[in-house]
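A.B. asks: Pasting in a structure now, in structure tokens, and then I'll have a few things to ask.
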DNA sequence: AATGAATGAGCATTCATTCAT
DNA sequence: CATGAATGAATGCTCATTCAT
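Protein chains in written order, with UniProt numbering: chain H, 1 to 216; chain B, 1 to 216; chain L, 1 to 216; chain D, 1 to 216.
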């Protein structure tokens with residue numbers, strides 16, 4: 001168990017081994033319960049080497065977040081083709097997202113659970129990634145409106161809220177799909193598309209749900 | 001700092017003070033970073049008394065989860081009137097939910113972040129509450145279908161996925177609304193109703209979004 | 001489990017209940033591992049009452065030692081008839097001793113193990129009892145010598161050593177007999193009589209084992 | 001106070017220092033009253049190092065018992081010459097035993113008092129050593145019988161009881177000799193030889209002490 | 001490039017003991 | 001006669017981090 005203890009590797013390689021071990025350990029045990037001892041052992045190196053390369057537990061965790069955030073956004077971007085219609089882009093992006101989160105559950109735990117749970121500086125690190133995704137979805141909504149030849153009469157703030165809701169729903173479905181093998185990435189994406197696309201269509205058609213007058 | 005140090009309180013009262021302090025501390029620092037020392041001091045009692053009444057850190061955290069889960073579901077239930085149409089019930093439930101989470105952000109952090117992040121036995125404790133809410137939303141969807149005189153041709157498994165997505169979206173919007181004072185509970189509820197209700201309507205009308213053929 | 005919780009008992013009775021509980025708890029858990037909580041609960045009273053009557057854990061333990069030491073020496077004395085020949089007295093005393101220790105194993109644990117293991121002031125408390133027994137055995141040896149019409153040419157210091165050895169052997173056999181049900185008090189007494197009486201007889205006859213000259 | 005604080009010792013050396021400190025502390029304070037803090041300080045190291053090398057208080061105490069049990073049996077074995085007559089072997093063994101116990105009183109306290117008083121897993125650890133010694137004495141008795149050209153008509157169970165009694169007497173005399181400087185190892189051994197050897201001789205000659213008929 | 005040796009600081013938990021009624 | 005409420009002081013144990021080589 002743990003990486004084979006090969007000696008004298010170049011620094012870059014060793015660092016990736018350490019990050020692999022760290023993501024796995026942080027993802028499974030949680031940030032606080034993960035011990036540097038366990039990470040070092042899993043990486044097949046001594047603890048001082050981990051400190052030499054990555055400075056501290058905090059820095060190590062931050063490095064994990066950054067690496068995995070970049071990997072996730074890269075996966076989503078790689079799944080999407082800019083020229084296609086907006087719904088197709090959304091569909092492709094969701095599939096890439098769910099595929100990635102189900103392939104790397106430890107990384108997803110780090111990003112979605114651990115980083116958000118343990119305050120600064122981790123929360124803002126992952127918030128940056130999330131903002132990027134929300135912005136992407138927001139763009140897609142606006143593009144969709146244009147494609148439907150409608151001026152989005154949605155105020156910008158409301159579009160942001162809608163994007164936020166969609167991303168939240170996607171995150172939730174990722175956990176849901178990860179919980180058991182019955183739900184595939186494709187099914188999760190289809191479920192979300194059904195709710196979202198229809199809802200967005202109506203929304204852009206101007207038919208909103210109107211809240212009742214605030215009583216007393 | 002901390003509660004006023006009143007002496008010789010009956011046990012039931014002290015226990016609530018301890019739970020108040022614990023929810024606040026767990027919600028802000030996180031389960032692991034919270035120290036029993038800090039909780040005891042915030043509650044205005046000595047550590048041994050906390051142990052005498054609540055046994056262990058684990059039991060204390062579990063008691064927090066149970067109390068706050070009960071409070072949240074009670075708040076939602078209290079906000080909903082069973083006789084009204086399904087959309088109105090959903091709207092009222094969402095408003096009650098967002099109002100409660102914004103009033104008690106520490107409790108929301110305990111339920112949504114801390115309990116889920118720190119494994120068993122906490123995760124299943126809060127999962128029970130969540131399952132209850134998902135079941136409630138699922139019922140509402142089916143009721144809405146009946147009200148629209150449509151047999152929901154949605155398979156049960158798909159309804160479950162939709163409910164999961166809506167609850168996830170709501171959770172996300174609760175965090176979003178809590179992050180700053182610009183978004184009110186009412187606005188969060190309206191945003192979600194817009195996406196959800198329209199989407200559900202289309203869905204029940206049988207117009208689903210169809211994924212493209214799987215390319216290979 | 002524990003004494004029936006009858007209220008308002010006279011002090012003397014309550015004290016005995018407490019001592020019963022204490023002997024049992026100290027004997028089984030050991031002095032340090034026994035908690036005042038457990039003793040109070042087993043005695044069916046509240047902790048402050050234990051303190052009111054017996055002052056402290058140390059005093060409580062001392063009281064246990066005294067009571068049980070008195071009970072043990074009383075039992076031995078009651079088993080012996082002063083007029084009889086010395087060997088018969090020794091035999092009767094040993095039988096009384098082994099019978100008592102096997103009837104009250106917790107008390108024996110308190111006297112033989114716990115009190116000796118936990119230093120002053122307990123060790124000297126039980127040492128007093130032991131000294132009394134050693135003195136009794138010493139007397140018996142001298143009486144036996146007189147009965148055999150021999151001036152014991154044993155120096156007093158050597159008689160003391162012999163008595164010490166016999167008492168140690170008896171203590172050891174008490175543990176041995178308590179360890180399993182195969183050995184009865186009668187058998188333990190017979191075994192010791194066989195070693196001791198023959199040895200003493202030879203000793204008094206002047207035939208001692210002579211150590212070799214101290215070599216180099 | 002405590003060992004000289006020399007830095008950076010190899011592990012094996014440090015471990016012995018820790019065991020030295022632990023035997024001394026456990027022997028004087030008792031197992032429960034001894035604190036890991038005190039042991040670490042006496043060993044001239046920090047507490048975490050003690051835990052790193054010896055895992056837990058329980059393991060540390062067990063390691064003490066094992067080391068000292070091995071040392072004591074080794075000392076006895078080293079004092080005995082297999083070829084010599086049985087009485088000479090017994091004499092030499094006893095002298096070695098009393099010499100060792102008086103040289104290492106803390107170790108003797110650990111083995112004879114502390115380990116037996118604090119239950120499993122310690123009791124059985126030291127019981128193994130004791131069984132070894134009892135077996136050795138039993139052998140010696142049988143050899144002595146052969147040397148006297150007598151079939152020991154003692155049943156095996158009775159020989160076991162006799163050996164048990166002798167070992168118990170020896171243990172008691174060790175405490176007695178340790179209590180003050182007036183009694184030397186040589187005197188303790190002589191005292192026990194006098195009781196034992198004469199007693200054994202008579203026993204093997206078939207002249208046993210017969211208990212009176214059981215009355216009523 | 002890599003590690004064996006070592007620690008300061010903190011944490012959950014327990015216990016003997018007391019006060020106010 | 002009796003107790004519910006409360007605590008000061010330890011104790012076993014763990015962890016992130018560093019130093020000397």
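Backbone N, C-alpha and C fix where the C-beta goes; we use that ideal spot for every residue, glycine too.
If contacts are defined as beta-carbon pairs under 8 Å, then residue 122(D) and residue 26(D) qualify, I think. What distance do you get, rounded to the angstrom?
C.D. replies: Not quite, the Cβ-Cβ distance comes to about 10 Å (not below 8 Å), so this is no contact.
A.B. asks: Quick one: is residue 190(D) near chain L, going by C-beta distance under 7 Å?
C.D. replies: yes
A.B. asks: If you compare alpha carbons, which of 181(H), 198(H), 173(H) and 112(H) is closest to residue 188(H)?
C.D. replies: 173(H)
A.B. asks: Any idea if residue 87(L) is buried or exposed, counting beta-carbon neighbours within 10 angstroms, 16 or more meaning buried?
C.D. replies: buried
A.B. asks: Once DSSP output is grouped into helix, strand and coil, what is the label at residue 34(D)?
C.D. replies: coil
A.B. asks: Can you check which of these residues, 114(L), 70(L), 31(L) and 140(L), is closest to residue 93(L) by C-alpha distance?
C.D. replies: 140(L)
A.B. asks: Curious, which full-length alpha helix (DSSP H) runs of at least 4 residues does the segment 150-193 of chain H contain?
C.D. replies: 156-179
A.B. asks: For the pair the segment 104-113 of chain L and the segment 65-85 of chain L, tell me if three or more CB-CB distances fall below 8 Å.
C.D. replies: yes
A.B. asks: The segment 119-132 of chain B: which residues have C-beta closer than 8 Å to a C-beta of chain H, in chain order?
C.D. replies: 119
A.B. asks: Note the first and the last residue of the continuous alpha helix (DSSP H) segment covering residue 103(B).
C.D. replies: 86-103 is the span of the alpha helix (DSSP H), which, as asked, contains residue 103(B).
A.B. asks: Chain D beta carbons: is any one of them nearer than 7 Å to that of residue 168(L)?
C.D. replies: Answer yes: the Cβ-Cβ gap between residue 168(L) and chain D drops below 7 Å somewhere.
A.B. asks: Determine the burial state of residue 182(H): buried for a count of at least 16 other Cβ atoms within 10 Å of its Cβ, exposed for fewer.
C.D. replies: exposed
A.B. asks: Just verifying my parser: in three-state terms, what is the DSSP assignment at residue 68(L)?
C.D. replies: helix
A.B. asks: Since residue 194(B) and residue 208(H) are thought to touch, with beta carbons under 8 Å apart, how far apart are those beta carbons, to the nearest angstrom?
C.D. replies: Cβ-Cβ separation between residue 194(B) and residue 208(H): approximately 5 Å, consistent with a contact (criterion under 8 Å).
A.B. asks: So residue 13(B) is in the alpha helix (DSSP H); what residue range does that whole segment cover?
C.D. replies: 11-29
A.B. asks: Would DSSP call residue 81(D) helix, strand or coil?
C.D. replies: It is coil, neither helix nor strand.
A.B. asks: Counting only beta-carbon separations shorter than 7 Å, does residue 23(H) have a partner in chain B?
C.D. replies: For residue 23(H), the answer is no, since every Cβ of chain B falls outside 7 Å of its Cβ.
A.B. asks: Using alpha carbons as the reference points, say which of 130(B), 185(B), 54(B) and 46(B) lies closest to residue 211(H).
C.D. replies: 185(B)
A.B. asks: Using beta carbons (cut-off 7 Å, strictly below), is residue 165(H) in contact with chain B?
C.D. replies: yes
A.B. asks: In this structure, how does DSSP classify residue 57(B) when only helix, strand and coil are distinguished?
C.D. replies: helix
A.B. asks: Just tell me which of 39(H), 28(H) and 21(H) has its CA closest to the CA of residue 120(B).
C.D. replies: If we check each option's Cα against that of residue 120(B), 28(H) comes out closest.
A.B. asks: Who are the near neighbours of residue 5(D) in its chain, counting only those whose CB is closer than 6 Å to its CB and skipping five residues on each side?
C.D. replies: Reliability fails at residue 5(D), whose pLDDT of 49 lies under 50, so the model's placement of it is uncertain and no value is given.
A.B. asks: Near residue 167(B), which residues of its chain fall below 8 Å by C-beta distance, leaving aside the five closest residues on each side in sequence?
C.D. replies: Correct list, in chain order: 130, 133, 134 and 137.
A.B. asks: Under DSSP, the alpha helix (DSSP H) around residue 124(D) begins and ends at which residues?
C.D. replies: 122-147
A.B. asks: Once you ignore the five residues that flank residue 159(H) on each side, which residues in its own chain have a CB closer than 6 Å to its CB?
C.D. replies: Cβ within range, chain order: 138 and 141.
A.B. asks: Would you check if the distance between the CB atom of residue 75(H) and the CB atom of residue 112(H) is smaller than 7 Å?
C.D. replies: no
A.B. asks: When you compare only the Cα positions, how much space is there between residue 197(L) and residue 77(L)?
C.D. replies: 20 Å
A.B. asks: CB-CB under 7 Å to residue 170(D), same chain, minus the five flanking residues each way: which ones, in chain order?
C.D. replies: 94, 97 and 192
A.B. asks: Could you check if residue 84(H) is buried or exposed, using at least 16 other CB atoms within 10 Å of its CB as the buried criterion?
C.D. replies: Using a 10 angstroms sphere on the CB of residue 84(H), the tally of other CB atoms stays under 16, which defines it as exposed.
A.B. asks: Is there at least one Cβ from chain D nearer than 7 Å to residue 198(L)'s Cβ?
C.D. replies: yes
A.B. asks: Does the Cβ-Cβ distance between residue 63(D) and residue 42(D) come in under 7 Å?
C.D. replies: no
A.B. asks: CA-CA distance, residue 18(L) and residue 34(L)?
C.D. replies: 13 Å
A.B. asks: Can you look up residue 207(D) in the DSSP assignment and give me helix, strand or coil?
C.D. replies: The DSSP-derived three-state label of residue 207(D) is coil.
A.B. asks: Below 9 Å on C-beta distance, what does residue 114(L) contact in chain D?
C.D. replies: 117
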